[in-house]
Amino acid sequence: GIQVEQSPPDLILQEGANSTLRCNFSDSVNNLQWFHQNPWGQLINLFYIPSGTKQNGRLSATTVATERYSLLYISSSQTTDSGVYFCAVTGDMRFGAGTRLTVKP
Amino acid sequence: GAVVSQHPSWVICKSGTSVKIECRSLDFQATTMFWYRQFPKQSLMLMATSNEGSKATYEQGVEKDKFLINHASLTLSTLTVTSAHPEDSSFYICSAIGTGGNEQFFGPGTRLTVL
Chain H
1 GIQVEQSPPD LILQEGANST LRCNFSDSVN NLQWFHQNPW GQLINLFYIP SGTKQNGRLS
61 ATTVATERYS LLYISSSQTT DSGVYFCAVT GDMRFGAGTR LTVKP
Chain Y
106 GAVVSQHPSW VICKSGTSVK IECRSLDFQA TTMFWYRQFP KQSLMLMATS NEGSKATYEQ
166 GVEKDKFLIN HASLTLSTLT VTSAHPEDSS FYICSAIGTG GNEQFFGPGT RLTVL
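Chains as they are written, first to last, in this note's numbering: chain H, 1 to 105; chain Y, 106 to 220.
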């Protein structure tokens, strides 16, 4: 099946810093989503982005389907951004291992 | 929109008992629902896919007789963990895809502890 790899596995930032999270996948995909899992376990949809670029406030995402990767950008990070960020190839229901983000005040 | 609920949010049970977890799409009809399992500090692992009115499709290694899934309507799917054992303790999360859509929406999860 399709492999989904995320990097970095862990990321520690100072409040206000910017970051880029990466998701590589091993085969063509029709569906890709980014999620934020908060400390209570709830998965929050960030982007449905099989291709192209989308922006929502301080977050934006880009998927280059032909090169099999997607990027999630977080600008001006806040402590509430802390948690685990997952990308998932939702057509195959395959999740990456996640990036654990800690934003320090 | 696109809200998915789960009930209960947490449950503690004795070994050998059965536990039922409900997953509901509150404001849309879900043709397909998914059940995941997540161990601490790990990613989500798909257990099974259920379509309304048909039998669930289980992932390799998931015991269908132990994890019974029923997708009785377009807004409700249930997961029953039968004869639960401590190793079944985990965080169970459901998700749903609406009619004609591709985006998954997740429930808040159910934390199961088997004593």
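Yeah, the Cβ is synthetic: ideal placement off N, Cα and C, and Gly gets one too. Fair warning: this is a prediction, and the values are worked out from it, not measured in the lab.
Indicate whether at least one CB of chain H lies closer than 8 Å to the CB of residue i.
i	result
residue 113 of chain Y	no
residue 174 of chain Y	no
residue 148 of chain Y	yes
residue 214 of chain Y	yes
residue 133 of chain Y	no
Would residue i and residue j be called neighbours here (beta carbons separated by less than 8 Å)?
i	j	result
residue 179 of chain Y	residue 111 of chain Y	no
residue 168 of chain Y	residue 153 of chain Y	no
residue 218 of chain Y	residue 182 of chain Y	no
residue 89 of chain H	residue 2 of chain H	yes
residue 41 of chain H	residue 214 of chain Y	yes
Spell out whether any CB of chain Y is found under 8 Å from the CB atom of residue i.
i	result
residue 65 of chain H	no
residue 83 of chain H	no
residue 61 of chain H	no
Closer than 6 Å by C-beta to residue i: which residues in its own chain qualify, once you throw out the five before and the five after it? Chain order, please.
i	result
residue 54 of chain H	47, 61
residue 34 of chain H	46, 47, 61, 72, 87
Is it buried or exposed for residue i, if we count other Cβ within 10 angstroms and need 16 for buried?
i	result
residue 203 of chain Y	buried
residue 147 of chain Y	exposed
residue 32 of chain H	buried
residue 20 of chain H	exposed
In chain order, what residues of the same chain have a beta carbon less than 7 Å from the beta carbon of residue i, not counting five sequence neighbours either side?
i	result
residue 157 of chain Y	136, 176, 178, 179
Who are the Cβ neighbours of residue i in its own chain at under 8 Å, not counting the five residues just before and after it?
i	result
residue 187 of chain Y	123, 170, 171, 172, 173
Query raised in the report: Closer than 7 Å, Cβ to any Cβ of chain C: which residues of the region 19-48 of chain H, in chain order?
Result: Checking the listed chains, one finds no chain C in this structure; the protein chains it contains are H and Y.
Requested in this report: State whether the region 92-101 of chain H contacts the region 117-129 of chain Y, with contact taken as three or more CB pairs (one from each stretch) at a distance under 8 Å.
Outcome: no
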